[in-house]
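A.B. asks: First residue of the sequence shown? That's 4 in this note's numbering, and the numbers climb one at a time after it.
Idealized CB from N, CA, C, for every residue including glycine.
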Amino acid sequence: MPDSQPQPSHSSSGPPSGPDEAGALLLCGARLTDGRVVDVRLAGGRIEAVGTAGSLGAGTAAPGASGASATRVDLGGHLLLPAPAEPHAHGDTALSADFEGPVPYDGRDVQRRATEAALLQLGHGATAVRSHVHVGDVQGLGALTAVLQARRALRGLVELTTVAMPRVLTGVAGADGLAILRDAVKMGASVVGGCPDLDPDPTGYVEAVLEIASEYGCPVDLHTDGDDPARLARLTAMAGGLRPGVTLGPCGGLARLASQAASRAADQLAAAGVTVACLPQGGCGTVDRRGTAPVRLLRAAGVRVAAGSGALRDVSNPVGRGDPLEAAYLLASRYGLRPEEAYDTVSGAARAALGLPEVRVEAGFPAELLAVRGARLAGVLSLAYSRIVVHRGRVVARTSAVREYCGSATSAAVDLPRQGRGEPS
Numbered sequence: 004m005p006d007s008q009p010q011p012s013h014s015s016s017g018p019p020s021g022p023d024e025a026g027a028l029l030l031c032g033a034r035l036t037d038g039r040v041v042d043v044r045l046a047g048g049r050i051e052a053v054g055t056a057g058s059l060g061a062g063t064a065a066p067g068a069s070g071a072s073a074t075r076v077d078l079g080g081h082l083l084l085p086a087p088a089e090p091h092a093h094g095d096t097a098l099s100a101d102f103e104g105p106v107p108y109d110g111r112d113v114q115r116r117a118t119e120a121a122l123l124q125l126g127h128g129a130t131a132v133r134s135h136v137h138v139g140d141v142q143g144l145g146a147l148t149a150v151l152q153a154r155r156a157l158r159g160l161v162e163l164t165t166v167a168m169p170r171v172l173t174g175v176a177g178a179d180g181l182a183i184l185r186d187a188v189k190m191g192a193s194v195v196g197g198c199p200d201l202d203p204d205p206t207g208y209v210e211a212v213l214e215i216a217s218e219y220g221c222p223v224d225l226h227t228d229g230d231d232p233a234r235l236a237r238l239t240a241m242a243g244g245l246r247p248g249v250t251l252g253p254c255g256g257l258a259r260l261a262s263q264a265a266s267r268a269a270d271q272l273a274a275a276g277v278t279v280a281c282l283p284q285g286g287c288g289t290v291d292r293r294g295t296a297p298v299r300l301l302r303a304a305g306v307r308v309a310a311g312s313g314a315l316r317d318v319s320n321p322v323g324r325g326d327p328l329e330a331a332y333l334l335a336s337r338y339g340l341r342p343e344e345a346y347d348t349v350s351g352a353a354r355a356a357l358g359l360p361e362v363r364v365e366a367g368f369p370a371e372l373l374a375v376r377g378a379r380l381a382g383v384l385s386l387a388y389s390r391i392v393v394h395r396g397r398v399v400a401r402t403s404a405v406r407e408y409c410g411s412a413t414s415a416a417v418d419l420p421r422q423g424r425g426e427p428s
């Protein structure tokens with residue numbers, strides 16, 4: 004019998020409709036993190052049922068919610084996980100490392116690079132991406148327009164949202180920035196942000212962002228290094244209790260503070276309900292100094308910690324990968340998180356930071372899933388080569404890797420990941 008029968012929706016947002024609505028899909032023989040091997044049936048963009056392997060269908064089809072046959076996907080040898088989300092990307096500057104001189108902001112080029120970057124991250128497993136986009140100065144609203152066009156083109160593949168980032172919001176020069184920020188929200192930027200550390204009046208910058216966020220009911224996502232305890236305390240005091248929420252990142256400077264100051268800052272962030280988005284794979288161009296926030300200290304204080312990718316092959320990090328599983332791997336291998344905790348920073352915590360509903364491999368939850376070849380989470384974070392990505396109940400990306408050992412006398416060993424060949428290629 005199925006372990007998890009159809010349930011009511013766990014989110015107020017309904018299932019996708021229209022051209023994005025997926026038919027029934029049956030994921031067969033997937034392993035869960037608790038060791039069970041299960042079949043998972045998806046319909047209407049949600050998980051309809053979860054049962055022991057072989058219990059949800061036979062032959063080549065299984066009945067879906069509408070009575071139609073379900074498409075089968077064999078996930079034998081794969082670990083099935085809630086899909087990651089990317090809480091901190093920079094689509095307007097992504098894939099620009101090879102340009103000489105300033106990053107070009109031609110609309111078509113920005114749209115192309117933002118689209119390619121989002122698809123790269125989707126291939127890694129991220130079915131939702133939050134992209135910070137510069138507004139004002141020489142680019143005006145052109146870069147935002149291009150990223151919003153990329154968002155529309157990607158509808159049904161990946162959920163792309165934008166954060167408007169003005170440079171200056173205080174003083175005489177800040178008047179234009181305030182007007183641009185309001186225009187950006189009216190155009191479709193769903194989050195307001197920026198980098199108060201670069202404004203002559205950081206406190207005034209934060210006040211301006213919070214005022215506009217309150218006016219339009221938007222979340223806030225600000226860049227800060229977090230190395231000034233007094234400034235951080237003022238920021239958290241102003242942000243405390245704001246709905247729908249405040250995210251700060253990358254906060255690498257917290258790791259350079261004295262232990263007492265860092266602990267006090269962590270307690271303040273927790274009390275204010277502020278999320279920290281760290282960048283273990285590297286920084287981004289808005290914050291000069293690098294380093295990863297003290298994730299164990301923050302989590303122990305009760306701070307929600309999400310992990311993002313930051314720069315994706317731009318001048319800030321020309322080798323950035325945009326891979327959430329690499330971010331989780333680094334948090335586990337270098338910063339002492341257990342694999343389950345590390346993966347949560349790029350999945351559950353990242354989705355919560357983006358205001359998305361929770362995902363579990365249980366009936367009734369959104370069908371946002373990632374299948375990775377492997378048997379255990381630790382192994383998946385170590386060698387996550389082959390991946391199958393499910394968004395809104397349908398397969399939207401596949402990455403397949405084959406490893407072969409040529410000329411090996413051990414080709415018949417049953418425990419090898421792939422059999423060898425008798426002769427070299």
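1) On the three-state DSSP scale, how would you describe residue 342?
2) Which whole-angstrom value describes the C-beta separation of residue 172 and residue 211, a residue pair presumed to lie in contact below a C-beta threshold of 8 Å?
3) Can residue 372 and residue 390 be called in contact, C-beta distance under 8 Å?
4) In angstroms, rounded to a whole number, what distance separates the CA positions of residue 303 and residue 352?
5) For a quick check, are the C-beta atoms of residue 81 and residue 34 less than 8 Å apart?
6) Beta carbon of residue 133, beta carbon of residue 92: below 8 Å?
7) At which residues does the beta strand (DSSP E) containing residue 109 begin and terminate?
8) Give me whichever residues DSSP pairs with residue 168 in a beta bridge.
9) Would you kindly report the start and end of the unbroken alpha helix (DSSP H) that includes residue 329?
10) Judging by CA-CA distance, which residue of 297, 366, 255 and 357 is the nearest neighbour of residue 339?
11) Classify residue 2 as buried or exposed, calling it buried when 16 or more other Cβ atoms lie within 10 Å of its own Cβ.
12) Would you mind working out which of 383, 382 and 369 sits nearest residue 396, comparing C-alpha positions?
13) Tell me the rounded alpha-carbon separation between residue 84 and residue 364.
14) Grab me the residues of residue 355's own chain with a C-beta within less than 8 Å of its C-beta, minus the 5 sequence neighbours each way, in chain order.
15) Which value, in whole angstroms, describes the spacing of the CA atoms of residue 273 and residue 334?
16) Tell me residue 92's beta-bridge partners as DSSP assigns them.
17) Less than 6 Å between C-beta atoms, sequence neighbours within five positions excluded: which residues of the same chain meet that for residue 350?
C.D. replies: So, from the data block:
1) Residue numbering aside, residue 342 sits at position 339 when the sequence shown is read from its first letter. In the structure shown, residue 342 sits in a helix (DSSP, three-state: H, G or I).
2) Against the sequence shown, residue 172 aligns to sequence position 169. Against the sequence shown, residue 211 aligns to sequence position 208. Going by Cβ atoms, the distance from residue 172 to residue 211 rounds to 4 Å, so yes, they are a contact pair.
3) Here the question's residue 372 lines up with position 369 in the sequence shown. Here the question's residue 390 lines up with position 387 in the sequence shown. No, the Cβ-Cβ distance between residue 372 and residue 390 is not below 8 Å.
4) Against the sequence shown, residue 303 aligns to sequence position 300. Against the sequence shown, residue 352 aligns to sequence position 349. Roughly 15 Å separates the two Cα atoms.
5) Here residue 81 corresponds to residue number 78 of the sequence shown, with the count starting at 1. Here residue 34 corresponds to residue number 31 of the sequence shown, with the count starting at 1. Yes. Within cutoff.
6) Here residue 133 refers to the residue found at position 130 when the sequence shown is read from its first residue. Here residue 92 refers to the residue found at position 89 when the sequence shown is read from its first residue. Cβ atoms of residue 133 and residue 92: closer than 8 Å.
7) Numbered from 1 along the sequence shown, position 106 holds the residue referred to as residue 109. In the DSSP assignment, residue 109 falls outside any beta strand (DSSP E) and carries neither an H nor an E.
8) Translated into positions along the sequence shown, residue 168 becomes position 165. Residue 168 pairs with 137.
9) As a working note, residue 329 is residue 326 in the sequence shown. 327-336 is the extent of the alpha helix (DSSP H) around residue 329.
10) Reading the sequence shown from its first residue, position 336 is the one you call residue 339. Residue 339 has its Cα closest to that of 297, out of 297, 366, 255 and 357.
11) Nothing about residue 2 can be read from this structure; the chain reaches only from 4 to 428.
12) On the sequence shown, position 393 is the one that residue 396 refers to. Measuring from the Cα of residue 396, the nearest candidate turns out to be 369.
13) Here residue 84 corresponds to residue number 81 of the sequence shown, with the count starting at 1. Here residue 364 corresponds to residue number 361 of the sequence shown, with the count starting at 1. In a straight line, the C-alpha of residue 84 is about 7 Å away from that of residue 364.
14) As a working note, residue 355 is residue 352 in the sequence shown. Here the set comprises 278, 307, 309 and 361.
15) Here residue 273 is taken as the residue at index 270 of the sequence shown, counted from 1. Here residue 334 is taken as the residue at index 331 of the sequence shown, counted from 1. Straight-line Cα distance between these residues: approximately 20 Å.
16) Here residue 92 refers to the residue found at position 89 when the sequence shown is read from its first residue. Per DSSP, 134 and 313.
17) Here the question's residue 350 lines up with position 347 in the sequence shown. Only 85 and 87 meet the Cβ criterion.
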